[in-house]
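Just so you know, the protein sequences line up as chains A and B, in that order. Under our numbering, the first residue of the first sequence is numbered 1, with each subsequent residue one higher. Under our numbering, the first residue of the second sequence is numbered 1, with each subsequent residue one higher. Beta carbons are placed, not taken as given, at the ideal position from N, Cα and C, and that holds for glycine. Given the structure is predicted, the values throughout are model-derived calculations rather than measurements. Some notes on the structure that comes next.
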Amino acid sequence: MIFFLQDMMRRTFRNMMGNLFSNLITIGIIAISMLIFSTFTLLAYNLTNFFNLWEDKIEVIAYLKRGTPSSEVEALLSKTRLLEGVETLRYVSPYDAMDFMEMKLGRQKNLLEGIQPAVLPASLEIQLKKEYRNSTKIKEVVAQLKKIPQFEEIQYGQEWVETFSVLIHILRLTQWILGGLLLIAIVFITSHTLQLTISSRREEIEVMQWMGASPAFIRVPFYVEGLIQGLLGGGLAILFLFLLHQGLFFNLPPSIQAWLAKIPVLFLPAKTTVWILLGGMILGFFGSIVASMRVLQYK
Amino acid sequence: MIEAIIQMQHVFKTYPSQISALSDVTLEIFPGEFTFIAGPSGSGKSTLLRILYCSEKPTSGEVIVHGMHITQPGFKKIYQLRQAMGIVSQDFKLLKDRTVTENITFALEVTGHPREEAKWKALEILRHLGLEERESDSIFSLSAGEQQRVAIARALVNSPSLLLADEPTGNLDAKMTLRVMDILTDLHQKGSTIVFATQFTGLIKRYSYRVIQILNGQILDGRKADTNKIHQG
Ligand SMILES: Nc1ncnc2c1ncn2[C@@H]1O[C@H](COP(=O)(O)OP(=O)(O)OP(=O)(O)O)[C@@H](O)[C@H]1O
Ligand SMILES: [Mg+2]
Chain A
1 MIFFLQDMMR RTFRNMMGNL FSNLITIGII AISMLIFSTF TLLAYNLTNF FNLWEDKIEV
61 IAYLKRGTPS SEVEALLSKT RLLEGVETLR YVSPYDAMDF MEMKLGRQKN LLEGIQPAVL
121 PASLEIQLKK EYRNSTKIKE VVAQLKKIPQ FEEIQYGQEW VETFSVLIHI LRLTQWILGG
181 LLLIAIVFIT SHTLQLTISS RREEIEVMQW MGASPAFIRV PFYVEGLIQG LLGGGLAILF
241 LFLLHQGLFF NLPPSIQAWL AKIPVLFLPA KTTVWILLGG MILGFFGSIV ASMRVLQYK
Chain B
1 MIEAIIQMQH VFKTYPSQIS ALSDVTLEIF PGEFTFIAGP SGSGKSTLLR ILYCSEKPTS
61 GEVIVHGMHI TQPGFKKIYQ LRQAMGIVSQ DFKLLKDRTV TENITFALEV TGHPREEAKW
121 KALEILRHLG LEERESDSIF SLSAGEQQRV AIARALVNSP SLLLADEPTG NLDAKMTLRV
181 MDILTDLHQK GSTIVFATQF TGLIKRYSYR VIQILNGQIL DGRKADTNKI HQG
């Protein structure tokens, strides 16, 4: 068995060295294809990640109608607290709102001079339970809140939620359409290269068939070659993506870097990386099967 | 009753060029027989052998070798068939850029023999065929007769129970021809079946082995199978 494996590896290596140029081209093309695919994966991954972080902080603000008597506030609070999906809530009185605005404006707080706290609406800041912090579930809570007559307006950044969801969907869709196209391209190119390798070994294969070598014995080195091409291609793609991810970040202007520092720009998780490598190998393997079906018939 | 090791029934072969190479060939060869396939150039000897080792499909007819129905559509075990035989083809089929020894060990390695064993066996057979001094020369540098001996050595290295040899002495001088014949006789005496295609009637006359005459793709009468001489099993 050890002998068999050694022999297979030796033959594979010799085949690849004998056909070095087209092997390198193939690996390069696989790497580029996989790089395009994994770039989209990375973008979608980060955007999803960012979206999730942001969703996590999502809260609903319900503004009370002006002139709602403070005697009703207590009842309103307990009513809201009982709603499905509500975790905690905080009452923000017009005075609190005023303080908050003063704090935010800092040195420019003189802008607020002459404004009476009473003109600001009171509001409820509602924190949702974890499983309600997403674009579909949040709408259920909002619908409930809208039924309460004391609320004037409900805000939760709806435009953002929708734009983000659409963007992520488009990215994911592009990722998979591209993925599909590149998949075909990779199978095509590996099978093409392997046909070259196989035809450069035609004489030897013929003699092997002459001597009664089993089809598996003849084919395995070509399968291994496909696997190696896929693995190296996938590996290079990940390496480039990593460099791109690093380089891009450090070459950005400092202002954007500072802004980005607040949002983590992550690299692909280990699991995805392994999947990309595996994917490359599977595609390479597939390419070699296509090739050997076409040109490795026993004669 | 002894089961034939080779059976051909009403075999026809017409090449795409409309040349009819075999027509209605029916024959049986029994285990342990030494059989000459004799006929002039172009009579269809090589075609017949190629059909036996499955390198060519007959246009019609049935062929059974080693109990395998090799003409049946979907027959997939060509490699098992070939592992059970040694083949010397008219064009040698050697790897020209490898050495003599490499060519022989290659044959053993691809059927799963460890390299050391292969090397040792190769040297032994090369000595028999007077090639021990050329063992590390590449095939390119050998004469046609030397190449032919390498091809014979390669076919014999597995001690095959069935040897199909297509004009194996065609390029050899008288002395070497005798040497090869001695080796084949030895193999035959150990129980192997040998099918030997040749156009040299002089060679055939020296031996009392069975002869199947072929002319224009048709079998003529020859020395019939001598069932007394056939080895059992
Ligand atoms: N691949 C082929 N395509 C077309 N015709 C062929 C092919 N091989 C052989 N033939 C023809 O079939 C006939 C028989 O050829 P074959 O090679 O079997 O003869 P042979 O008895 O082996 O001759 P030789 O003694 O010269 O080797 C010949 O007329 C030959 O031209
Ligand atoms: Mg011939």
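TODO: Run the CB neighbour count on GLY233 (chain B), radius 10 Å, all protein chains shown included, and call it buried at 16 or more, exposed below.
DONE: In this predicted model, GLY233 (chain B) has a pLDDT of only 34, less than 50, meaning its place in the structure is not dependable; the value taken from the coordinates is given anyway. GLY233 (chain B) comes out exposed.
Task: Identified DSSP bridge partners for GLU125 (chain A) - done: Per DSSP, A:ILE61 and A:ARG90.
TODO: Could you tell me which residues DSSP puts in a beta bridge with ALA122 (chain B)?
DONE: Paired residue(s): none; ALA122 (chain B) is not in a bridge.
Open item on the list: Distance cutoff 8 angstroms, beta carbons only. Does GLN9 (chain B) sit that close to anything in chain A?
Closed with: Not one chain A Cβ lies under 8 angstroms of GLN9 (chain B).
TODO: With a floor of 4 residues, list each alpha helix (DSSP H) that falls wholly inside the segment 76-144 of chain B, ordered by position along the chain.
DONE: If only complete runs of 4 or more residues are kept, the segment 76-144 of chain B shows the alpha helix (DSSP H) at 78-83, 100-109 and 115-128, in order along the chain.
Task: Presumed contact (8 angstroms Cβ cut-off) between VAL180 (chain B) and ILE204 (chain B), rounded CB distance - done: In fact, because the Cβ distance is near 14 angstroms, the residues do not count as touching under 8 angstroms.
TODO: In the DSSP assignment, find the beta strand (DSSP E) that holds SER60 (chain B) and state where it starts and stops.
DONE: Going by DSSP, SER60 (chain B) is part of the beta strand (DSSP E) stretching over 60-65.
Open item on the list: At a threshold of 7 angstroms, does ALA21 (chain B) count as lining ligand 1 (C-beta to nearest heavy atom)?
Closed with: Yes - ligand 1 has a heavy atom lying nearer than 7 angstroms to the Cβ of ALA21 (chain B).
TODO: State the CB to CB distance for the pair GLN90 (chain B) and SER46 (chain B), rounded to an integer number of angstroms; the pair is presumed to be in contact (CB under 8 angstroms).
DONE: Contact between GLN90 (chain B) and SER46 (chain B) holds, since their C-beta atoms are separated by about 6 angstroms, short of 8 angstroms.
Task: Contacting residues, own chain, Cβ-Cβ under 8 angstroms from ILE36 (chain A) (five flanking each side not counted) - done: Cβ contact annotation for ILE36 (chain A) (same chain, cutoff 8 angstroms, sequence separation greater than five): LEU178 and LEU182, in chain order.
- [ ] Using alpha carbons as the reference points, say which of B:ALA21, B:THR198, B:SER41 and B:VAL211 lies closest to VAL88 (chain B).
- [x] Here the closest residue by C-alpha is B:THR198.
Task: Neighbour flag for PRO264 (chain A) against chain B, beta carbons, 8 angstroms - done: Chain B contact via Cβ: absent.
Task: heavy atom of ligand 1 below 7 angstroms from GLU206 (chain A) C-beta - done: The answer is no for GLU206 (chain A).
- [ ] Would you verify that the beta carbon of ILE104 (chain B) is, or is not, closer than 8 angstroms to some beta carbon of chain A?
- [x] Not closer than 8 angstroms to any Cβ of chain A, the Cβ of ILE104 (chain B) fails to qualify, so no.
Open item on the list: Taking the alpha carbon of GLN116 (chain A) as the reference point, which residue from A:LEU128, A:LEU196, A:VAL224 and A:ASP99 has its own alpha carbon closest?
Closed with: Comparing Cα positions, the closest option is A:ASP99.
Open item on the list: Rounding to the nearest angstrom, what Cα-Cα distance links MET34 (chain A) and HIS192 (chain A) in this structure?
Closed with: Near 18 angstroms, if we compare the C-alpha coordinates of HIS192 (chain A) and MET34 (chain A).
Task: the segment 38-45 of chain B touching the segment 206-220 of chain B, judged by at least three CB pairs closer than 8 angstroms - done: By the Cβ test, the segment 38-45 of chain B is in contact with the segment 206-220 of chain B, since at least three Cβ pairs between them sit closer than 8 angstroms.
TODO: Label SER192 (chain B) either buried or exposed according to how many other C-beta atoms from any shown protein chain fall within 10 Å of its C-beta, with 16 as the threshold for buried.
DONE: Buried, because 16 or more other Cβ atoms sit within 10 Å of the Cβ of SER192 (chain B).
Open item on the list: Quick check: does the Cβ of LYS45 (chain B) come within less than 7 angstroms of any heavy atom belonging to ligand 2?
Closed with: In this structure, LYS45 (chain B) has its beta carbon less than 7 angstroms from a heavy atom of ligand 2.
Task: Three or more C-beta pairs below 8 angstroms linking the segment 103-113 of chain B and the segment 194-213 of chain A - done: Proximity of the segment 103-113 of chain B to the segment 194-213 of chain A meets the contact definition, three or more beta-carbon pairs being nearer than 8 angstroms.
- [ ] May I ask you to check if the CB of GLU56 (chain B) is nearer than 7 angstroms to at least one heavy atom of ligand 2?
- [x] No - ligand 2 has no heavy atom lying nearer than 7 angstroms to the Cβ of GLU56 (chain B).
Open item on the list: So, with DSSP's three-state summary, where would you put LYS147 (chain A)?
Closed with: LYS147 (chain A): coil per DSSP, three-state reduction.
Task: Assumed close pair THR101 (chain B), THR59 (chain B) - CB separation to whole angstroms, cut-off 8 angstroms - done: That belief does not hold up - the Cβ atoms of THR101 (chain B) and THR59 (chain B) are roughly 40 angstroms apart, past 8 angstroms.
Open item on the list: Considering only heavy atoms of ligand 2, does any lie closer than 7 angstroms to the CB of ILE173 (chain B)?
Closed with: Residue 173 (chain B) is actually Asp in this sequence, not Ile. ASP173 (chain B): no, Cβ never under 7 angstroms from ligand 2.
TODO: Output, in sequence order along the chain, the residues in the segment 213-245 of chain A whose CB is closer than 7 angstroms to any CB in chain B.
DONE: Taken in chain order, the members of the segment 213-245 of chain A whose beta-carbon sits within less than 7 angstroms of a beta-carbon on chain B are ALA213, SER214, PRO215 and PHE217.
Open item on the list: If you reduce the DSSP assignment to three classes, tell me which class VAL187 (chain A) lands in.
Closed with: Helix.
Open item on the list: For a quick check, are the C-beta atoms of ALA155 (chain B) and PHE196 (chain B) less than 8 angstroms apart?
Closed with: Contact flag unset, no.
Task: Bounding residues of the alpha helix (DSSP H) (the contiguous stretch that carries LYS130 (chain A)) - done: That residue, LYS130 (chain A), is in no alpha helix (DSSP H); it is neither H nor E in DSSP.
TODO: Taking LEU296 (chain A) and THR39 (chain A) to be in contact with their CB atoms under 8 angstroms, please state how far apart those CB atoms are, rounded to whole angstroms.
DONE: Contact doesn't hold; Cβ gap of about 36 angstroms is too wide.
- [ ] State the start and end residues of the unbroken alpha helix (DSSP H) segment that holds GLU203 (chain A).
- [x] Annotation for GLU203 (chain A): the continuous alpha helix (DSSP H) segment containing it runs 202-210.
TODO: Establish whether the CB of LEU215 (chain B) and some CB of chain A are separated by less than 8 angstroms.
DONE: Not closer than 8 angstroms to any Cβ of chain A, the Cβ of LEU215 (chain B) fails to qualify, so no.
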